[in-house]
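In this note's numbering, the protein residues as written are 2 to 181.
Cβ coordinates follow ideal geometry from the N, Cα and C atoms, glycine included.
Just so you know, these numbers come straight off a predicted model, no measurement behind them.
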Ligand SMILES: [Zn+2]
Ligand SMILES: [Zn+2]
């Protein structure tokens, strides 16, 4: 996980410096900008003009694809460059022009799947399709509340979204009376 964040960090600095040189005339590092990770699960990235920090959601970076992370870095870098050029930033026409120059979509919210923000583990019932997401790995298989009836437990399948591996197969289990 840490190696992945180092790769994201290196990519962010590289993009910020290249785009800074192109659009401001110096790297964003030279202009005093740095990259941090935060623990947000609501937004993918943020730009803090006063402290000159671009902040990326660590949770998102751990789960998203590199191209999704790239889009967020470019979006926030456009904000940082906007700050350098105008002393402030928003999602107005100046920022949109810079976003395009930075290779980001000129929209307020990055168009990346919000799947990664929901949780690392997808718990899905193979029968009815009921699905939930968890950040922590489930300790034991859970039964689908809508499919399980009487002595039959319909077990949900578990997929680790960060690797795509099946952690638990969905299945059906008979629960005998007296065994809980
Ligand atoms: Zn923005
Ligand atoms: Zn079900």
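As the crow flies, the alpha-carbon of residue 42 is around 21 Å from that of residue 92. With fewer than 16 other Cβ atoms from the protein chains shown falling within 10 Å of its own Cβ, residue 23 counts as exposed. When DSSP states are grouped into helix, strand and coil, residue 118 belongs to the helix group. Not one heavy atom of ligand 2 falls within 8 Å of the beta-carbon of residue 170.
Nearest in C-alpha terms to residue 57, of all of 63, 47, 34 and 32, is 47. In the three-state scheme derived from DSSP, where H, G and I count as helix and E and B as strand, residue 46 is classed as strand. Distances from the CB of residue 128 to the heavy atoms of ligand 2 include at least one below 8 Å. For residue 141, the CB stays at least 8 Å from every heavy atom of ligand 1.
Residue 65 has its alpha-carbon roughly 24 Å from the corresponding atom of residue 34. Its Cα nearest to that of residue 101, the residue 82 stands out among 134, 28 and 82.
The three-state secondary structure of residue 20, taken from DSSP, is helix.
Look at residue 25 here: in three-state DSSP terms it is coil, with no helix or strand label. Checking the DSSP bridge columns, you'll see residue 174 partnered with 154. Non-local beta-carbon contacts of residue 128 in its own chain, meaning distances under 6 Å to residues more than five positions away in sequence, involve 148 and 155 in chain order. The C-beta of residue 136 has fewer than 16 other C-beta atoms within 10 Å across all chains shown, which makes the residue exposed. The alpha carbon of residue 120 has as its nearest neighbour, out of 18, 63 and 104, the alpha carbon of 63.
Spatial neighbours of residue 95 in its own chain (CB-CB distance under 8 Å, excluding positions within 5 residues in sequence) are listed in chain order as 83, 86 and 87. For residue 75, the enclosing alpha helix (DSSP H) covers residues 67 to 87.
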